[in-house]
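Worksheet: one structure, shown below.
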Amino acid sequence: MSPTWQAVLEGLVVLLAIFLGVRTGGIGLGLWGATGTAVLIFVFGADPGSPPIDAFFIIIAVITASAVMQAAGGIDWLVSIASRIIRRNPRRITLVAPLVAFAFTLGAGTSNIFFALIPVIYETSYRNGVRPERPLAASTVTSALGITASPVSAAMAAYLTLLPDDFTLADILTITIPASIVACVVTSLVQNRIGKNLADDQEYQARLRAGQVPSPAEVGADQHAALPKTAARSAYVFLAAVVVIVVLGLFDELRPTVTVDKVSGPLSMTIVIEVVMFTAALVNLLWNRVPPGDVVKEPLMESGLVAAIALFGIAWMADTYLVNNQETVVNPLADIVKDHSWFLAVAIFLVAGLTTSQSATTRTIIPIALASLSPATITAMWPSLVGVWLFPANGSQIAAVNIDKTGTTRLSKVPIWHSFTIPMLVSWVSVVLVGLLIASLAF
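Numbering-wise (UniProt numbering), the sequence shown opens with residue 1 and increments by one.
What follows is the structure, given as structure tokens:
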């Protein structure tokens with residue numbers, strides 16, 4: 001069989017595994033990825049690629065620390081802070097809510113924290129006469145920007161292990177954080193003009209007359225239960241660990257010098273993240289007297305394990321495919337990226353939409369880009385992972401649609417056209433353009 005036909009058939013196996021994994025959902029994405037790897041090895045005789053061991057254990061460390069914090073009430077405390085910020089600025093909610101969603105995802109390392117903010121955003125906007133679609137859709141989208149700006153997200157774990165040692169976590173954040181903040185603001189300004197005001201929206205008015213939705217005056221503020229004393233301090237411990245990781249990433253000289261494979265240098269940031277996060281988890285476990293059995297039952301632990309398994313299976317399959325098709329697939333794609341660098345942003349965007357996994361997309365696409373583009377340019381385009389909102393297949397999209405009783409936040413018969421499409425596209429274009437500008441000026 002010719003190398004070209006072999007690459008095509010193996011590529012079909014990869015695509016089929018991803019398709020079936022997305023259809024299965026949950027850990028199915030990772031399991032189908034691992035099965036696809038087995039088919040490539042046993043049926044096509046491919047040499048096994050490298051499984052993403054480092055990225056996998058970074059995710060395990062971070063979700064462990066996050067889950068302990070959640071068990072101590074820390075996530076609820078963070079949500080209460082976000083809720084107060086949003087409710088203090090009701091008239092500017094379309095600007096404030098997306099920035100809060102971004103900031104809290106950045107700090108927590110997971111967009112799962114956004115689920116708890118959805119009812120707050122809906123009620124605050126509706127009570128104040130703001131079309132709920134505007135802040136709900138914008139905030140859902142910008143929460144994903146926080147993933148590529150967070151030092152402790154699963155996608156960052158995958159990304160860090162792919163880059164050369166001289167391009168550090170600090171370099172990544174120098175590009176992604178300011179670019180994402182600008183994108184949040186631009187998205188909010190555009191989204192503020194989307195759709196009719198509630199007074200002019202015929203569908204909403206019909207629902208209101210039919211009694212299908214309460215009037216704004218009848219929607220009361222959500223009352224949060226009293227939080228335990230452990231809530232705030234568990235969040236402080238977790239956020240302090242995040243700060244330690246960022247500082248050690250900024251200043252190499254603060255990290256101990258170690259020798260690995262007879263080469264001496266600063267301790268790897270992969271190990272830094274792992275040991276700091278596991279230590280923070282232990283501090284919270286002991287200080288807040290969290291029963292260890294409760295930690296594994298937390299929603300963050302469940303979702304984190306799903307992300308880790310999905311990353312492991314898909315990334316291993318992708319690496320196996322790419323390693324065995326270097327001349328046929330990787331080099332031609334690298335040449336396209338080299339000649340048309342914008343193609344990388346499109347590739348990341350589309351693959352993220354198809355897989356709904358930022359981590360798996362990162363491990364699949366970034367190695368190809370490293371063959372021809374600088375790490376700074378790649379980092380500027382990396383937030384194209386916002387393409388995860390391309391199809392309405394994510395929990396936060398569905399939750400936002402379901403909670404909006406006014407009917408303004410909606411899906412349509414066309415899978416790629418929904419309330420999240422315009423803010424997604426605006427965020428994507430603006431974050432990449434600003435990122436490329438920063439990369440050209442700073443690197």
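Each residue gets a CB set at the ideal place from its N, CA and C atoms; glycine is no exception.
Residue from A241, Y204, Q191, V96 whose Cα sits closest to the Cα of M69: By 1-based counting over the sequence shown, the position of residue 69 is 69. Minimum Cα distance to M69 is reached at A241.
Cα-Cα separation, L437 to D171: Taking the sequence shown and counting its residues from 1, the one referred to as residue 437 is at position 437. Taking the sequence shown and counting its residues from 1, the one referred to as residue 171 is at position 171. Going from the Cα of L437 to the Cα of D171 covers about 14 Å.
D54 vs V323 beta-carbon contact at 8 Å: As a working mapping, residue 54 is identified with position 54 in the sequence shown. As a working mapping, residue 323 is identified with position 323 in the sequence shown. Contact flag unset, no.
Proximal residues to T174 (C-beta, below 8 Å), its chain only, five neighbours per side dropped: As a first step, residue 174 is located in the sequence shown; it is residue number 174 there, counting from the start. Hits under 8 Å: I438, A442.
Closest by C-alpha distance to T161, when choosing among A231, A65, V22, P52: Against the sequence shown, residue 161 aligns to sequence position 161. Among A231, A65, V22, P52, the Cα nearest to that of T161 belongs to P52.
Nearest-angstrom Cα separation, counted from I378 out to A217: Along the sequence shown, read from residue 1 onward, the residue named residue 217 stands at position 217. Along the sequence shown, read from residue 1 onward, the residue named residue 378 stands at position 378. Approximately 49 Å between the Cα atoms of the pair.
Contact check, G313 vs W32, beta carbons under 8 Å: Position 313 of the sequence shown, counting from 1, holds the residue named residue 313. Position 32 of the sequence shown, counting from 1, holds the residue named residue 32. Cβ atoms of G313 and W32: closer than 8 Å.
Below-8 Å beta-carbon distance, R87 vs any chain D residue: Going by chain labels, chain D is absent from the structure shown, which holds only one protein chain.
Separation of M277 from A183, as counted between CA atoms: Within the sequence shown, the letter at position 183 stands for residue 183. Within the sequence shown, the letter at position 277 stands for residue 277. Taking the straight line from one Cα to the other gives about 29 Å.
Cα-Cα separation between L311 and T421, rounded to whole angstroms: Position 311 of the sequence shown, counted from the first residue, corresponds to residue 311. Position 421 of the sequence shown, counted from the first residue, corresponds to residue 421. Their backbone Cα atoms lie some 25 Å apart in a straight line.
Selection from P90, Q358, T94, L254 that minimises the alpha carbon distance to V185: For the purposes of this step, residue 185 is taken as residue 185 along the sequence shown, with counting starting at 1. The residue with the shortest Cα to Cα distance from V185 is T94.
Length of the line joining the Cα atoms of Q191 and A231: On the sequence shown, residue 191 is found 191 positions in, with the first residue counted as 1. On the sequence shown, residue 231 is found 231 positions in, with the first residue counted as 1. Between Q191 and A231, the C-alpha separation is close to 34 Å.
C-alpha gap between F391 and L354, whole angstroms: Translated into positions along the sequence shown, residue 391 becomes position 391. Translated into positions along the sequence shown, residue 354 becomes position 354. Cα to Cα, F391 sits roughly 8 Å from L354.
Distance, S396 Cα to D200 Cα: Taking the sequence shown and counting its residues from 1, the one referred to as residue 200 is at position 200. Taking the sequence shown and counting its residues from 1, the one referred to as residue 396 is at position 396. Their backbone Cα atoms lie some 27 Å apart in a straight line.
Cβ contact (3+ pairs, closer than 8 Å) linking the segment 336 to 355 and the segment 145 to 159: no
Whole-angstrom distance between S80 and T362, CA atom to CA atom: In the sequence shown, residue 362 corresponds to position 362, counting from 1. In the sequence shown, residue 80 corresponds to position 80, counting from 1. Going by the C-alpha atoms only, they are around 32 Å apart.
Separation of A315 from G28, as counted between CA atoms: The sequence position of residue 28 within the sequence shown is 28, counting from 1. The sequence position of residue 315 within the sequence shown is 315, counting from 1. If you take the alpha carbons of G28 and A315, they lie about 14 Å apart.
Proximity winner among W389, L163, A399, relative to I366 (alpha-carbon distances): Counting from one through the sequence shown, the residue named residue 366 turns up at place 366. Of the listed residues, the one whose Cα sits closest to I366 is L163.
Backbone CA spacing between A371 and D319 [nearest angstrom]: By one-based count along the sequence shown, residue 371 stands at place 371. By one-based count along the sequence shown, residue 319 stands at place 319. Cα to Cα, A371 sits roughly 14 Å from D319.
Candidates E123, V100, A7, V283, of which the one nearest F114 by Cα: In the sequence shown, counting from the first residue as 1, residue 114 sits at position 114. Here the closest residue by C-alpha is V100.
Contact set for L78: own chain, Cβ-Cβ below 8 Å, skip 5 residues either direction: Translated into positions along the sequence shown, residue 78 becomes position 78. Correct list, in chain order: F104, G107, A108, I113, A235.
Beta-carbon proximity of R131 to L208, cut-off 8 Å: In the sequence shown, residue 131 corresponds to position 131, counting from 1. In the sequence shown, residue 208 corresponds to position 208, counting from 1. In this structure, L208 does not lie closer than 8 Å to R131 by Cβ.
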